[in-house]
Each structure stands twice: as C-alpha cells, then as structure tokens.
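For any residue, its number in our numbering is found by taking its place in the sequence shown, counting from 1, and adding 6. Glycine is no exception: its CB is placed at the ideal position from the N, C-alpha and C atoms. None of these values were measured; they are calculated from a predicted model. So the structure is just underneath, and the comments pick up after that.
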Amino acid sequence: MSDDGSEETREIKRKARRLEKARRQGRGNAWFGLGMFGMVGWAVAVPTVAGIALGLYIDSRWPGERSWTLALLLAGVALGCLNAWYWVQREGRGDD
C-alpha cells in the first residue's frame, strides 16, 4: 500500500500543478507551440546562416583545398542545435 506522502503521489501532484499553471499562462494553446517552434527555428537558422556567410567570405578571400563554407555550415548547425537545446531546457525549467 502507498501512503499520501509516497513518491508517486508527490510526482502526480507536481505534474498536475504544472499542467494547471501552463493552462493559466496559456502555454497549452497552439500559439505558444508555434511560438516555441519559431524560436527554436531561429535559434538554429541564425548561426547556420552566419557560418555560411563567414565561410563564403573566407573562401573568396583565401581559396584553398578545403571548403570553409562547408566547415562553418556544420559548425553553425551544431552551435544552433546547442542554442535551441539551451532555450528549450530553460523554458522547461520555467514550468516548475
């Protein structure tokens, strides 16, 4: 038997409070989801485009065997994914 203070009960109560808070703040609606999707998209797109632009500049100024555009594209995508992960984690912590 489990008592009122069991770990499962506390977890269910915590999740119920989070759900209620999200509903009050409007986080359960479609607009919030679209906004989060857009924010994550921009968090990846901006470093990616910046990496491409810098790579094109370097390739045009100092041509060589290796493509700086491709290397900085990949670096921009990686940086953008880390950035998006940070923002999603930060938003998730705000729910508690």
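Distance between beta carbons of residue j and residue i, contact taken as under 8 Å
i	j	result
Gly57	Leu78	4 Å
Val50	Ala90	5 Å
Gly61	Trp74	4 Å
Distance CB(residue i)-CB(residue j) smaller than 8 Å
i	j	result
Val83	Thr54	yes
- Task: Only counting runs of 4 or more residues, tell me where the alpha helix (DSSP H) segments fall wholly within the stretch 12–94, in order along the chain.
- Result: 13–31, 36–67
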